[in-house]
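What follows is a set of notes on a single structure, which appears directly below.
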Amino acid sequence: MARMAVDRSFEDLVAEGAAAPTEGWDFSWFEGRASEERPSWGYAVSAGERLAHARAALDIQTGGGEVLDFALSRAEPARPPLAAATEGWPPNVAKATALLRPRGVVVVAAPDDAPLPFADETFDLVLSRHPVRPFWDEIARVLRPGGTYFAQHVGPASVFELVEYFLGPQPEQVRTARDPEHERADAEAAGLQVAGLRAQRLRMEFHDIAAVVHFLRKVVWMVPGFTVEEYEPRLRTLHERIEREGPFVAHSARHLFDVRRPAR
Numbered sequence: 298m299a300r301m302a303v304d305r306s307f308e309d310l311v312a313e314g315a316a317a318p319t320e321g322w323d324f325s326w327f328e329g330r331a332s333e334e335r336p337s338w339g340y341a342v343s344a345g346e347r348l349a350h351a352r353a354a355l356d357i358q359t360g361g362g363e364v365l366d367f368a369l370s371r372a373e374p375a376r377p378p379l380a381a382a383t384e385g386w387p388p389n390v391a392k393a394t395a396l397l398r399p400r401g402v403v404v405v406a407a408p409d410d411a412p413l414p415f416a417d418e419t420f421d422l423v424l425s426r427h428p429v430r431p432f433w434d435e436i437a438r439v440l441r442p443g444g445t446y447f448a449q450h451v452g453p454a455s456v457f458e459l460v461e462y463f464l465g466p467q468p469e470q471v472r473t474a475r476d477p478e479h480e481r482a483d484a485e486a487a488g489l490q491v492a493g494l495r496a497q498r499l500r501m502e503f504h505d506i507a508a509v510v511h512f513l514r515k516v517v518w519m520v521p522g523f524t525v526e527e528y529e530p531r532l533r534t535l536h537e538r539i540e541r542e543g544p545f546v547a548h549s550a551r552h553l554f555d556v557r558r559p560a561r
C-alpha cells in the first residue's frame, strides 16, 4: 500500500513537471521546488548599469526577454536610443516581442547559429545571458570600435551531476566544453580584448522530481531528446532517492565576460 502511494505521488509530480510551460527564461515556476545560488557579480543589475550609458544596445539570444526587461528597468530613466534583441525559438520570439516592445526594443527572429542580422559597427554594447555559444567574429563585427560585449556564459560541466545521472559518464571533451579560457582565446583570436573574466561554481538543489522533469524539458541541451517515457525508470529511481535522502544536489558553472573591441 505504501508503495502504491509512492507510485501515485511520482506519477502526479511527473505529470505536473511535464505540463509546465517552457517558453522564456522565467524560472519562477521552480520556487519551492528547486534552488540555485546566484553568481556574486549580479549580471542583470550590472547590465542595467551599462544600458544606462549605451547609445545602441543588442541582446543576443534574449529568450523570452525577461533578463533584458529587468536590466532596462534598472537603467531607467535612461535607456539606449537604439535597442534590439535576437532570438531563435519562435515561442520565445513572440513572448520577447510582447514583453520588450513597450520598452522600445526591436526583437528580431534569428537562428542562434546564423550571422547576426545587423550592419557592421552598429552597437556600442552587446549583451547576452547564457548564449548557446558565442560567435566571436560576429560579436566583433557588430560592435563599434571601443564597444563592449558584456555577458554571462554557462561554464564547463554545468549541472553534470544531473546530466551524468541520466546519460552516464561523459567524455573529457564534453566535460571541458565551454571552458572560459578557451573562450577567452577565441575572443582574442577575433580581435577582441578581454578586460575581465570571472568564474564560479554554484550549488543547485532539486527538491522533487517535477522540478527535474521541468528543468530537462526547459534546458533541452542537458539531456538531448529527453522524454518522460524514455527515462521513466531513471526518473522513478531518482524520485525515490529524493524522497529517502532529500534534495538532489548539482552544481552550475557560470562565467562573466567583459570584452572590448579596441578603439581605432
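Count along the sequence shown from 1, then add 297; that gives the number in the numbering used here. Cβ coordinates follow ideal geometry from the N, Cα and C atoms, glycine included.
**OP:** State whether the region 546–555 contacts the region 439–459, with contact taken as three or more CB pairs (one from each stretch) at a distance under 8 Å.
**Re:** Yes, they touch.
Original post:
Nearest-angstrom Cα distance between L464 and R531?
Top reply: The residue you call residue 464 lines up with position 167 of the sequence shown. The residue you call residue 531 lines up with position 234 of the sequence shown. Rounded to whole angstroms, L464 to R531 spans 10 Å at the Cα level.
Subject >> Cα-Cα separation, L459 to A474 >> reply: Counting from one through the sequence shown, the residue named residue 459 turns up at place 162. Counting from one through the sequence shown, the residue named residue 474 turns up at place 177. If I take the Cα positions, the gap works out to 17 Å.
**OP:** Go through the region 318–351 residue by residue and report every complete run of the alpha helix (DSSP H) that reaches 4 residues or more, in order.
**Re:** The qualifying runs are 340–348.
Original post:
Near A372, what residues of its chain come up, given a Cβ to Cβ distance below 7 Å and the 5 sequence neighbours on each side ignored?
Top reply: By 1-based counting over the sequence shown, the position of residue 372 is 75. If we look at A372 and ignore the five residues flanking it on each side, its Cβ neighbours are G345, L348 and A349.
Original post:
Taking only runs of the alpha helix (DSSP H) that begin and end inside the region 397–444, which ones reach a length of at least 4 residues, in chain order?
Top reply: 433–439
Original post:
By a C-beta neighbour count over all protein chains shown, 10 Å radius and 16 as the cutoff for buried, is S325 buried or exposed?
Top reply: Here the question's residue 325 lines up with position 28 in the sequence shown. S325 should be labelled exposed.
**OP:** Determine the direct distance from the alpha carbon of F432 to that of S343, and round the result to whole angstroms.
**Re:** Reading the sequence shown from its first residue, position 46 is the one you call residue 343. Reading the sequence shown from its first residue, position 135 is the one you call residue 432. C-alpha separation (whole angstroms): 22 Å.
Subject >> Coil, strand or helix - H450 by DSSP >> reply: By one-based count along the sequence shown, residue 450 stands at place 153. Here H450 sits in strand by DSSP.
Original post:
To the nearest whole angstrom, what separates the beta carbons of P468 and A496, a pair I think is in contact under 8 Å?
Top reply: Counting from 1 along the sequence shown, the entry for residue 468 is found at position 171. Counting from 1 along the sequence shown, the entry for residue 496 is found at position 199. With 8 Å as the limit, P468 and A496 do not qualify as a contact, their Cβ atoms being about 22 Å apart.
Subject >> Own chain, CB closer than 7 Å to Y340, minus 5 neighbours either side, in chain order >> reply: Taking the first residue of the sequence shown as 1, we reach residue 340 at position 43. Around Y340, the same chain offers R426, Q449 and L553 as residues with beta carbons nearer than 7 Å, after the five sequence neighbours per side are excluded.
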